[in-house]
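If you're matching positions, the sequence shown starts at 566 in my numbering and goes up one per residue. Just so you know, even glycine gets a beta-carbon here, dropped at the ideal spot from N, CA and C.
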Amino acid sequence: MSKRKPAKAGTKTRRINAVALVLSVIALVIVAFLAGRQYFATGGPEQQAADSPAPAIGGPFTLVDQNGKTVTDADFRGRYMLIYFGYTFCPDVCPTALTRNSDALDLMGKAADKIVPIFITVDPERDTAENMKEYAGFFHPRLLALTGTPEQVAAAAKAYRVYYAKVQEKGADADDYLMDHTSITYLMGPDGKFLSHFGHDVSPERMAERLTKIVGGAGG
Numbered sequence: 566m567s568k569r570k571p572a573k574a575g576t577k578t579r580r581i582n583a584v585a586l587v588l589s590v591i592a593l594v595i596v597a598f599l600a601g602r603q604y605f606a607t608g609g610p611e612q613q614a615a616d617s618p619a620p621a622i623g624g625p626f627t628l629v630d631q632n633g634k635t636v637t638d639a640d641f642r643g644r645y646m647l648i649y650f651g652y653t654f655c656p657d658v659c660p661t662a663l664t665r666n667s668d669a670l671d672l673m674g675k676a677a678d679k680i681v682p683i684f685i686t687v688d689p690e691r692d693t694a695e696n697m698k699e700y701a702g703f704f705h706p707r708l709l710a711l712t713g714t715p716e717q718v719a720a721a722a723k724a725y726r727v728y729y730a731k732v733q734e735k736g737a738d739a740d741d742y743l744m745d746h747t748s749i750t751y752l753m754g755p756d757g758k759f760l761s762h763f764g765h766d767v768s769p770e771r772m773a774e775r776l777t778k779i780v781g782g783a784g785g
């Protein structure tokens with residue numbers, strides 16, 4: 566029977582480091598768990614949005630609408646903006662989000678008149694004003710679809726902290742690609758400042774309820 570060789574000093578050190586790493590991970594998990602309990606105990610994102618300073622989301626932009634008209638963020642002062650970034654070639658996430666947003670506005674009745682629904686492309690290479698006009702027609706009748714130069718779109722996305730990147734398979738045609746992008750809808754106030762946001766999993770009913778609470782009664 567062969568005898569077991571004693572562990573070398575280096576092996577022993579690696580074992581100690583591994584144990585320390587495991588203990589560190591366990592500690593982080595416990596901290597995250599306790600932080601999560603505190604987060605939801607204080608009302609989650611909605612309560613924290615009310616109690617905390619508004620994050621630095623939003624800012625100036627200059628884009629072109631589906632009718633070829635240049636528009637800026639200043640054109641919407643005095644009205645709420647419901648903004649979603651996406652692209653017309655999006656296979657599922659964008660149509661789902663825009664349909665949800667449209668349904669929420671319909672559920673709000675006249676109160677929705679205070680809100681301008683806006684769709685900003687993250688794919689200006691393919692999303693011309695003409696393409697945006699056709700695409701917007703599938704959703705809300707008041708949906709404003711905005712495009713622009715790559716530089717203009719990049720500036721708008723940066724202001725709203727929106728991530729996007731082209732995803733293309735090796736060997737695919739130049740115009741055959743998808744866009745990886747942030748899927749969040751932002752609500753901006755009449756002063757152009759951030760008020761709230763809606764994740765992809767929020768229902769039309771819940772969205773309509775929260776929007777109505779924020780913008781108030783019937784539009785005028």
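For residue i versus residue j, is the C-beta spacing smaller than 8 Å?
{"i": "L672", "j": "P755", "result": "no"}
{"i": "V629", "j": "S748", "result": "no"}
{"i": "L752", "j": "L647", "result": "yes"}
{"i": "T777", "j": "Y700", "result": "no"}
{"i": "F650", "j": "H765", "result": "no"}
{"i": "I680", "j": "A721", "result": "no"}
{"i": "A724", "j": "G633", "result": "no"}
{"i": "R691", "j": "D740", "result": "yes"}
{"i": "G757", "j": "R642", "result": "yes"}
If you reduce the DSSP assignment to three classes, tell me which class residue i lands in.
{"i": "F763", "result": "strand"}
{"i": "D640", "result": "helix"}
{"i": "K731", "result": "strand"}
{"i": "L752", "result": "strand"}
{"i": "T661", "result": "helix"}
{"i": "R771", "result": "helix"}
{"i": "A710", "result": "strand"}
{"i": "L776", "result": "helix"}
{"i": "D745", "result": "strand"}
{"i": "D740", "result": "coil"}
Can you give me the Cβ contacts of residue i inside the same chain, cut-off strictly under 7 Å, excluding the 5 residues immediately before and after it?
{"i": "P689", "result": "T712, G713, T714, P715, V718"}
{"i": "L743", "result": "V732"}
{"i": "E695", "result": "none"}
Considering only the alpha carbon of each residue, which of the options lies closest to residue i?
{"i": "T635", "options": "F626, Y652, R707", "result": "F626"}
{"i": "A621", "options": "D678, G702, P682, R726", "result": "R726"}
{"i": "L663", "options": "I683, G674, K679", "result": "I683"}
{"i": "A677", "options": "P656, V767, P706", "result": "P706"}
{"i": "M697", "options": "R665, K675, E734, C655", "result": "C655"}
{"i": "T661", "options": "D640, V767, R775", "result": "V767"}
So, at 6 Å on beta carbons, what are the nonlocal neighbours of residue i in its own chain, with the 5 sequence-adjacent residues on each side left out?
{"i": "G781", "result": "none"}
{"i": "Y728", "result": "T747"}
{"i": "F704", "result": "L663, S667"}
{"i": "A773", "result": "A669, L672, M673"}
{"i": "F763", "result": "T750, M772"}
{"i": "A710", "result": "Q631, F684, M697, A701"}
{"i": "T637", "result": "T627"}
Shorter than 8 Å from the beta carbon of residue i to some beta carbon of chain B?
{"i": "F684", "result": "Of the protein chains in the structure, only one exists, and it is not chain B."}
Provide the residue span of the beta strand (DSSP E) that contains residue i, from first to last.
{"i": "I680", "result": "680-686"}
{"i": "Y700", "result": "It is not in any beta strand (DSSP E) - Y700 instead sits in the alpha helix (DSSP H) that spans 694-701."}
{"i": "I648", "result": "645-651"}
Where do the N-terminal and C-terminal ends of the alpha helix (DSSP H) with residue i fall, by residue?
{"i": "A721", "result": "715-724"}
Excluding the 5 residues preceding and the 5 following residue i in the sequence, name in chain order all residues of the same chain whose CB lies nearer than 8 Å to its CB.
{"i": "V687", "result": "F650, G651, Y652, V718, A722, V727, Y729, M744, H746"}
{"i": "R644", "result": "K679, I680, V681, P755"}
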